[in-house]
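Report on the structure given below.
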Amino acid sequence: MKDGAGTTLYNYFTEFGLAQISVDFLLGTATTLVQAKVRDAIRAVEDNLLGESMISVYALVSPEFFDKLIGHALTQEAYKFYSAMGAQPLRQDVRRSFPFAGILFEEYRGTVTLSTGVAERLIPAGEGIAFPIGTIDTFTTYGGPANQISLANTIGLPLYARQLMDDKDRWINILTEASILPVNKRPRTAIRLFSSN
Numbered sequence: 001m002k003d004g005a006g007t008t009l010y011n012y013f014t015e016f017g018l019a020q021i022s023v024d025f026l027l028g029t030a031t032t033l034v035q036a037k038v039r040d041a042i043r044a045v046e047d048n049l050l051g052e053s054m055i056s057v058y059a060l061v062s063p064e065f066f067d068k069l070i071g072h073a074l075t076q077e078a079y080k081f082y083s084a085m086g087a088q089p090l091r092q093d094v095r096r097s098f099p100f101a102g103i104l105f106e107e108y109r110g111t112v113t114l115s116t117g118v119a120e121r122l123i124p125a126g127e128g129i130a131f132p133i134g135t136i137d138t139f140t141t142y143g144g145p146a147n148q149i150s151l152a153n154t155i156g157l158p159l160y161a162r163q164l165m166d167d168k169d170r171w172i173n174i175l176t177e178a179s180i181l182p183v184n185k186r187p188r189t190a191i192r193l194f195s196s197n
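Per the UniProt record's numbering, the sequence shown starts with residue 1, numbered consecutively.
This is how it looks when you write it as structure tokens:
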């Protein structure tokens with residue numbers, strides 16, 4: 001969790017005393033068995049569900065990682081025949097996603113503008129994050145109390161709305177507020193993907 005300036009406030013792995021799991025895909029090596037690396041990532045997610053269930057594994061990856069993945073000698077054939085599933089790689093922009101060996105890889109270019117005016121990538125260059133889809137209780141969103149004294153130390157709600165009447169009864173100002181915190185309750189299911197070469 002970071003603040004508006006990009007400073008890390010909390011690292012879930014540090015807070016829970018856990019080490020993040022990483023899988024090095026070694027996409028710069030032509031003989032790397034990419035399917036085996038994908039299976040390593042899937043198994044790492046499954047091993048850390050701790051009794052939870054899932055439907056599949058999804059990966060958001062940087063453009064650099066995605067280009068290396070689809071350009072690797074052992075994935076090029078699968079990407080080439082991806083058109084058999086309905087995509088038209090020569091006519092459509094299919095760079096956004098590619099299902100391979102049990103993970104749906106999506107090129108993700110999301111950024112946030114920090115309070116300093118600098119844009120920061122949400123997925124670092126050359127990396128990705130794999131996580132489970134279709135879980136029941138792994139991901140949740142908590143609501144915090146609204147920013148008013150009467151609600152201090154109370155259980156938060158997803159949304160607050162209140163009306164403020166003008167002293168002269170001419171208008172009503174409607175204020176809404178949401179103080180939400182999305183949480184991964186099983187942080188080790190978020191697997192870091194990277195290629196060291």
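C-beta: ideal position from N, C-alpha, C; glycine also.
LEU104 is not a Cβ neighbour of VAL112, given a cutoff of 8 Å.
By the neighbour-count definition (other C-beta atoms within 10 Å, threshold 16), LEU60 is a buried residue.
Contact between the segment 152 to 160 and the segment 34 to 43 is absent, with fewer than three C-beta pairs closer than 8 Å.
By the Cβ test, the segment 136 to 149 is not in contact with the segment 57 to 71, since fewer than three Cβ pairs between them sit closer than 8 Å. The beta carbons of LEU49 and PRO124 sit no closer together than 8 Å. Taking 3 residues as the minimum length, the beta strand (DSSP E) runs contained wholly in the segment 134 to 186 are 139 to 144, 160 to 165, 172 to 177 and 179 to 184, in order along the chain.
Straight-line measurement puts the Cα of LYS168 at about 51 Å from the Cα of TYR108.
With 16 or more neighbouring CB atoms inside 10 Å of its own CB, LYS68 falls in the buried class.
Taking a contact as a CB-CB distance under 8 Å, the pair GLY28 and SER195 counts as one, their CB atoms being some 6 Å apart. As far as DSSP is concerned, ILE70 takes part in no beta bridge. In this structure, DSSP gives ARG192 an extended state, which the three-state scheme calls strand. Inside the segment 14 to 50, DSSP marks whole alpha helix (DSSP H) runs of 4 or more residues at positions 34 to 47, from first to last along the chain. Within the same chain, PRO132, GLY134 and THR135 come within 6 Å of MET54 by CB-CB distance, once the 5 residues on both sides are set aside.
In the three-state reduction of the DSSP assignment, GLU127 falls in the strand class, which pools E and B. In this chain, the beta strand (DSSP E) harbouring TYR58 covers 56 to 61. Under the three-state reduction of DSSP output, ALA119 falls in the strand class.
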